[in-house]
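Residue numbers (the working numbering): 39 to 190. In this text, a Cβ means the ideal position worked out from N, Cα and C, and glycines have one as well. Read through the structure below, which is laid out as structure tokens, and then see the notes.
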């Protein structure tokens with residue numbers, strides 16, 4: 039996958055109390071956790087479907103190209119994070135569940151920035167329609183100010 043868009047769109051802030059990075063990713067098609075795995079009925083081995091492998095590879099290539107960890111040292115020092123995603127879908131808009139696309143995308147991003155995704159305490163997701171050959175993700179990841187202890 040071409041990484042020009044993700045590299046040119048990459049923006050970030052390292053300011054105290056305003057730490058985030060934002061990027062536009064280009065992918066062939068978002069995949070869903072509903073069709074994530076297949077099983078070989080003879081060997082009983084579970085495997086990622088080919089389209090899942092392709093999606094993960096496309097995301098990983100773009101995340102390696104922008105290398106947010108080297109530019110945003112707060113990523114590995116943070117405790118809790120937020121993730122805001124806008125999925126721009128090319129077809130089947132009303133047949134694709136937002137939460138199913140969000141999970142695998144969150145996994146790709148959290149793997150690339152070396153955090154456990156259980157530390158993402160805020161998640162905002164949107165989807166939009168744009169016909170074309172590719173799908174896009176506008177994603178913002180940052181340090182959360184949410185008080186996760188407020189109900190103690």
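Three-way DSSP call (helix, strand, coil) for residue 125 in this model: Per DSSP, reduced to three states, the secondary structure at residue 125 is strand.
Range covered by the beta strand (DSSP E) that runs through residue 161: That run of the beta strand (DSSP E) goes 158-167.
Per DSSP, the bridge partner or partners of residue 194: The question about residue 194 has no answer, for the chain in this structure spans 39 to 190.
Where residue 72 sits in the DSSP three-state scheme: Looking at residue 72 - three-state DSSP - the assignment turns out to be helix.
For residue 57, the residue or residues it bridges with in DSSP: In the DSSP assignment, residue 57 is bridged to 52.
N-terminal and C-terminal residue of the alpha helix (DSSP H) that residue 149 is part of: Under the DSSP assignment, residue 149 falls in the alpha helix (DSSP H) whose first and last residues are 136-150.
Pair within 8 Å by beta-carbon distance, residue 66 and residue 186: The answer is no: Cβ separation not under 8 Å.
DSSP bridge partner residues for residue 186 (one or two, in chain order): According to DSSP, which records beta bridges pairwise, residue 186 is partnered with nothing at all.
Of the residues 138, 157, 130 and 68, the one placed nearest residue 113, counting alpha carbons only: Residue 157 is the option with its Cα nearest to residue 113.
Enclosing alpha helix (DSSP H) for residue 153 [first to last residue]: Counting along the chain, residue 153 falls outside any alpha helix (DSSP H), and DSSP gives it neither H nor E.
Residue 104: first and last residue of the uninterrupted alpha helix (DSSP H) it sits in: Here the alpha helix (DSSP H) through residue 104 covers 88-104.
Distance between beta carbons of residue 139 and residue 59, contact taken as under 8 Å: Their Cβ separation, rounded to whole angstroms, is 20 Å, which puts residue 59 and residue 139 out of contact at 8 Å.
Cβ-Cβ separation, residue 109 to residue 168 (assumed contact under 8 Å), whole Å: The Cβ separation is near 29 Å, so there is no contact.
Cβ contact (3+ pairs, closer than 8 Å) linking the segment 116-127 and the segment 143-154: Touching, yes.
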